[in-house]
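Take a look at the structure set out below.
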Amino acid sequence: LETSETQRVVDVMAKSAVSSAQDFTTLRESFSKAAPAANALGLTIERTGALLGVLSDSSIKGSEAGTALKNSFIELKKKGLTLDEGLDKIAGSSDKLLTAIELAGKRGGPALLVLANKRHDIGELQDKLEGAAGAAAEIAEIRLDNLAGDVTKLSSAWEGFLLNIEDGTGALNTMGRATIQGLTGFIKILQGVIELT
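Mapping of the sequence shown onto the working numbering: position 130 corresponds to residue 121, and the numbering continues sequentially without gaps.
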């Protein structure tokens, strides 16, 4: 995706992390494995995120999920099938596991079987991810809604204030440095007095 899509990616990943059994570490691992193949097949980040989220809810997470999904995409492509066609074949089979393994191999088959059995969940999670705009900011606000978050906000506001009014050469900088240097000198004198007594 283009860099202009960064906020979309962040929002989808944030929403995915709170809507499935993934965290940011497992998300990063799974996306890094699955993304090239998903992109080549024209799947959106929301669709890919939904597939990975459903796999994680079935205890297939991180690089394992990404690799399994990638292998499924590749094997289905070799057979001239789309993901939905493959899932339809498995769903209509009398031996779903065998059909999944025939379609995607031993590494991709179990993941494909999970996806075939949870198609409704994929659709629901994809809908959530497609409505993920602003999710990262919302989650950040929730995480900062405590004393530690208030301190973080205060620190950020103070730094922003100083950067906006001071470039390092003005009156505030001079006064601040003089005060700090004076305090440092006073502490050194006080330390010397304590050592003498």
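For glycine and all other residues, C-beta sits at the position ideal for the given N, C-alpha and C.
query = Hey, V105 and L46: beta-carbon distance below 8 Å or not?
reply = In this structure, L46 lies closer than 8 Å to V105 by Cβ.
ask   = CB-CB under 7 Å to L116, same chain, minus the five flanking residues each way: which ones, in chain order?
value = Cβ neighbours of L116 beyond the five flanking positions: S10, S11, A41, G44 and V45.
key: Assigned secondary structure, Q182 (DSSP; H/G/I helix, E/B strand, else coil)   = The answer is helix: DSSP assigns Q182 an H, G or I state.
inquiry  = Rounding to the nearest angstrom, what Cα-Cα distance links S21 and A91 in this structure?
reply    = CA-to-CA, the gap between S21 and A91 works out to about 20 Å.
request  = Over the uninterrupted alpha helix (DSSP H) stretch that includes I113, give me the two end residues.
outcome  = Unbroken alpha helix (DSSP H) run through I113: R110 to E121.
ask   = Taking all protein chains shown into account, do 16 or more other C-beta atoms lie within 10 angstroms of the C-beta of F64, making it buried, or fewer, making it exposed?
value = Buried.
query = Going straight from the alpha carbon of A124 to that of S7, what length do you get?
reply = Approximately 12 Å, taken between the alpha carbons.
request  = For G122, collect the residues of the same chain with a Cβ closer than 6 Å to its Cβ; drop the 5 residues on either side in sequence, then sort them by chain order.
outcome  = Here the set comprises nothing.
query = Nearest-angstrom Cα distance between D118 and Q172?
reply = The alpha-carbon of D118 is positioned some 58 Å away from that of Q172.
query = By Cβ distance below 7 Å, which residues in the same chain neighbour A28 in space, the five residues on each side in sequence not counted?
reply = Closer than 7 Å at Cβ, skipping near neighbours: K61, F64 and I65.
message = Quick check on the burial criterion: 16 or more other C-beta atoms within 10 angstroms. Buried or exposed for M166?
response = Using a 10 angstroms sphere on the CB of M166, the tally of other CB atoms stays under 16, which defines it as exposed.
key: Local conformation of T39 per DSSP, three classes   = DSSP places T39 in the helix class (H, G or I) of the three-state scheme.
request  = Can you grab the Cα-Cα spacing for the pair W149 / D141, in whole Å?
outcome  = If I take the Cα positions, the gap works out to 12 Å.
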